[in-house]
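> Mind having a look at this structure? Questions to follow.
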Amino acid sequence: MKRLSEKEEAIMQSVWKLKKAFVKEVRDGLPDPKPHINTVATMMRRLADKGFLKFEDFGSTYRYAAIISKMEYTRKFVRPLLAGLFGNSMKNVVSFFAEEDEVSLDELKEIIKMIEDKNK
160 MKRLSEKEEA
170 IMQSVWKLKK
180 AFVKEVRDGL
190 PDPKPHINTV
200 ATMMRRLADK
210 GFLKFEDFGS
220 TYRYAAIISK
230 MEYTRKFVRP
240 LLAGLFGNSM
250 KNVVSFFAEE
260 DEVSLDELKE
270 IIKMIEDKNK
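Under this note's numbering, think of the first position of the sequence shown as 160, with each following residue one higher.
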């Protein structure tokens, strides 16, 4: 499994959110400026060819669903990226984003609460 392009990841984010979706629904979930519907359809067919999506045939259209879960994809590609950039330290990750003003105090409190809840 290869890491997806930014545009492919945006399509997968939309599919993961919708669970099952037609091309038009996925396109509607993409950020502006939205690609042409034919471009989205082509990319989704390619994602199916790569093993990321499966589809059901509804005659003249297809409904797609993810084969690879968001968690699986994250474990395979995001976690190693963070480990390489931040020395396998989540503290370094969080402090980097805090220093860059990319994470708010409320978000940090929410992260702490999630960790505390998980450890109960």
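Glycine included, each C-beta is placed from N, C-alpha and C at the ideal position. On a predicted model such as this, the values are computed, not experimentally measured, just so you know.
#1: Inspect the beta-carbon positions of A130 and Y223 and report whether they are closer than 8 Å.
#2: Express the C-alpha separation of E184 and A225 in angstroms, rounding to a whole number.
#3: Please work out which residues of its chain come closer than 8 Å, Cβ to Cβ, to L177, disregarding the five sequence neighbours upstream and downstream, and give them in chain order.
#4: Taking R205 as the reference, which of K166, K235, P192 has the closest Cα?
#5: DSSP state of E261, grouped into three classes?
#6: Measure the alpha-carbon distance for S248 versus M202 and round it to whole angstroms.
#7: Secondary structure at K209, three-state DSSP: helix, strand or coil?
#8: I need the DSSP call for F255, collapsed to helix, strand or coil.
#9: When burial is assigned at 16 or more other CB atoms within 10 Å of the CB, is S228 buried or exposed?
This is what the structure holds:
#1: Residue 130 falls outside the range modelled here, since the chain spans only 160 to 279, and no answer is possible.
#2: In this structure, the CA atom of A225 is about 14 Å from the CA atom of E184.
#3: Excluding residues within five positions, the ones whose Cβ falls inside 8 Å are E184, V185, G188.
#4: The shortest C-alpha separation from R205 is found at K166.
#5: Coil, per DSSP.
#6: In a straight line, the C-alpha of S248 is about 35 Å away from that of M202.
#7: K209 carries a coil assignment under DSSP once its states are collapsed to helix, strand and coil.
#8: Looking at F255 - three-state DSSP - the assignment turns out to be helix.
#9: Exposed.
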